[in-house]
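Those letters in the sequence shown? Residues 1 to 331, per UniProt numbering, in order.
Glycine residues also receive a C-beta, built at the ideal position from the N, C-alpha and C atoms.
Note that this is a predicted model, so its numbers are computed, not measured.
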Amino acid sequence: MDVINKSLVSALESLPKDLKPTSEGVSLVSLKTQLLISYVQKLAFLILVKLEGKSYLEFQNVVEKLVRLRLEIEKIRPLENRIQYSLDKLLRAAERKEELESLSTSGMDGGINQEDTDSLKLHYKPNLVGLESDEEESPAAKGKHKKSNKKDVSSEEVSSESEEDESKTDGVYRPPRIRAVTMDDEKKPRRRPNQLVDEFVSSDLSSLPQSMPSIGSNLERGGRVIHADERQLEKMRERAEYEESNYTRLPKLSKKELKNVKKPKKPGFGGEDWSLLDRSFNSDAFASRKLDLSSRANKRGASDASEGASGSGQNRMGDAYRKRRKALKRR
């Protein structure tokens, strides 16, 4: 408590003595200071309770008020950011007023400079061109107004007024210059080359040793699925590592992604590719040949039936004998 009292006394001594509270200030700033003072008071009270060896349960209402004050202070932060621009504007105006007062007091002593006072007064000069409309003001009045302002207006204000006049004549909107904006010098990153080209360069054109998966590490479902795509395995490993490190579950994969993951890259078993055996039975050439044999047999049966229907019974017996004889000779 002695340390807190000493710090408060030193803070009070550093404050100006002639500073009086005013009702024309920003109410949000005064509210924030009051909340901070009450928060520090209750926090110091709880520290004193802890030093005396008492329990916080006896002062539960103080703890609740402390939590409420902390919440109110956190809610004030976005509001303070919203009015930050107007606060900076008021502070700059107060600083300029102090400068004018200091110059006036120095002028009474006998050392005033007229150029300094004129330059400070120009900060409060309104932009009359923006207040008047084109219909109310004639071109002659505009020219007279520009001539009168050229005497006491700085080069920056003249350039801003000329830009505003140009924006009114050509109809193009130009935002007001509140603060200086610099162009970004950073160049856009180039497009990434194709990953297949990178893999080809790193695997075939490089003489460095390559890391290959150990035997059986790319097998799943009892060896029925072989993952030939290393990128898919890398994605799954990154997903599992992120979930384990952050103690959270990522959203489930979509049906399309899940289908691609579950789809076997190579048909095989035990890490070997057995697609050659399956290809011999399901070959297109074998199927077409079988179709041709069956179609030939059907055509032969149809031709035999037509010949038998057109001829007599003796001719039919002879024709069948001759055909069998020809078939035996071919064998």
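query	result
Could you pull out every residue in the same chain whose Cβ sits closer than 7 Å to the Cβ of arginine 325, ignoring the five residues on either side in sequence?	none
Please report how far the alpha carbon of serine 7 lies from the alpha carbon of glutamate 72, in whole angstroms.	25 Å
Pick helix, strand or coil for proline 78, following the three-state DSSP scheme.	helix
Rounded to the nearest angstrom, how far is the Cβ of leucine 250 from that of tyrosine 242, given a contact under 8 Å?	7 Å
I'd like to know whether the C-beta atoms of isoleucine 4 and lysine 32 end up nearer to each other than 8 Å.	no
Classify lysine 42 as buried or exposed, calling it buried when 16 or more other Cβ atoms lie within 10 Å of its own Cβ.	buried
Specify the secondary structure class of valine 67 as computed by DSSP and reduced to three states.	helix
Which residues in the same chain have their Cβ closer than 6 Å to the Cβ of methionine 1, if we skip the five residues on either side of it in sequence?	none
State the CB to CB distance for the pair leucine 66 and leucine 46, rounded to an integer number of angstroms; the pair is presumed to be in contact (CB under 8 Å).	7 Å
Are there 16 or more other CB atoms within 10 angstroms of the CB of leucine 90, so buried, or fewer, so exposed?	exposed
Quick check on the burial criterion: 16 or more other C-beta atoms within 10 angstroms. Buried or exposed for leucine 258?	exposed
Please state the DSSP three-state secondary structure of lysine 326.	helix
Roughly how many angstroms lie between the CA atoms of lysine 187 and asparagine 194, to the nearest whole one?	21 Å
Note the first and the last residue of the continuous alpha helix (DSSP H) segment covering leucine 51.	27-51
Cα separation between leucine 28 and lysine 54?	36 Å
What does the Cβ neighbour count give for alanine 11, buried or exposed, with the cut at 16 atoms within 10 Å?	exposed
If you follow the alpha helix (DSSP H) that valine 172 is in, where does it begin and where does it stop?	Run containing valine 172: none; DSSP gives neither H nor E here.
In angstroms, rounded to a whole number, what distance separates the CA positions of serine 207 and isoleucine 178?	59 Å
Which of the three DSSP states, helix, strand or coil, is assigned to glutamine 210?	coil
Buried or exposed: where does leucine 15 fall if 16 or more other Cβ atoms within 10 Å of its Cβ makes it buried?	exposed
Go to residue 380, then tell me how far its alpha helix (DSSP H) extends in each direction, as first and last residue.	Nothing about residue 380 can be read from this structure; the chain reaches only from 1 to 331.
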